[in-house]
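So the number in our numbering is just where the residue sits in the sequence shown, counting from 1, plus 173.
Cβ coordinates follow ideal geometry from the N, Cα and C atoms, glycine included.
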Amino acid sequence: MSALRTGAGLFALLAMLSAAVADEISGPARVIDSNTIEIDGRRVRLIGVDAPDLDQTCPTRKGETYPCGRVAAQTLVRIVKDGSLDCRGERTDAAGRLLARCAIRGFDVGEQYVLTGRAFADPETGGDYRRAEATAEKLREGMWRGEFQKPWDWRKLRAAEAAK
Numbered sequence: 174m175s176a177l178r179t180g181a182g183l184f185a186l187l188a189m190l191s192a193a194v195a196d197e198i199s200g201p202a203r204v205i206d207s208n209t210i211e212i213d214g215r216r217v218r219l220i221g222v223d224a225p226d227l228d229q230t231c232p233t234r235k236g237e238t239y240p241c242g243r244v245a246a247q248t249l250v251r252i253v254k255d256g257s258l259d260c261r262g263e264r265t266d267a268a269g270r271l272l273a274r275c276a277i278r279g280f281d282v283g284e285q286y287v288l289t290g291r292a293f294a295d296p297e298t299g300g301d302y303r304r305a306e307a308t309a310e311k312l313r314e315g316m317w318r319g320e321f322q323k324p325w326d327w328r329k330l331r332a333a334e335a336a337k
């Protein structure tokens, strides 16, 4: 019985140590959605950033709508398309995606994305990107040109409507 406990304890210790070690992945990225990329078959969620979901729409000044989620994803494609990304994360989310900050040619992908006005500083993890968001807002970049719901508000509203 003590060997079993020792083995279980060793397994738990190894699991904790591996979780504490940063996970790094590099290579060309493929955009999966407005918040997720894939490198060598591994899904990576850009931590600190939140962008509209693919099916989110936003109003135009003329009262029409446009697919702001798809536009955000296309913007992310333009940011990552011409180089190798270096991503560093420390944990995974419930979907198994590595939560990571990524750089391309030395530039922070999340910061570049937020500066376009097509993504926002995540209210929980995006403290490093608040200045970039303020700059995008001041310059009226991307969605800051019109009216919109921030992605987390849109998701809450959608969940409430689905619960009815």
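{"Check": "Which first and last residues belong to the alpha helix (DSSP H) in which Thr209 is found?", "Outcome": "It is not in any alpha helix (DSSP H) - Thr209 instead sits in the beta strand (DSSP E) that spans 209-212."}
{"Check": "Starting from Ala332 and walking both ways along the alpha helix (DSSP H), at which residues does that stretch end?", "Outcome": "324-336"}
{"Check": "Could you spell out where the alpha helix (DSSP H) holding Ala245 opens and where it closes?", "Outcome": "241-253"}
{"Check": "Looking only at its chain, what residues have a beta carbon closer than 6 angstroms to the beta carbon of Thr248, apart from the 5 residues adjacent to it on each side?", "Outcome": "Thr289, Arg291"}
{"Check": "Can you tell me where the alpha helix (DSSP H) with Val308 in it begins and where it stops?", "Outcome": "For clarity, residue 308 is Thr in the given sequence; the question names Val instead. Looking at the DSSP string, the run of the alpha helix (DSSP H) that includes Thr308 is 303-312."}
{"Check": "Which residue comes first and which comes last in the beta strand (DSSP E) that contains Glu284?", "Outcome": "No beta strand (DSSP E) contains Glu284, which is instead part of the alpha helix (DSSP H) from 282-288."}
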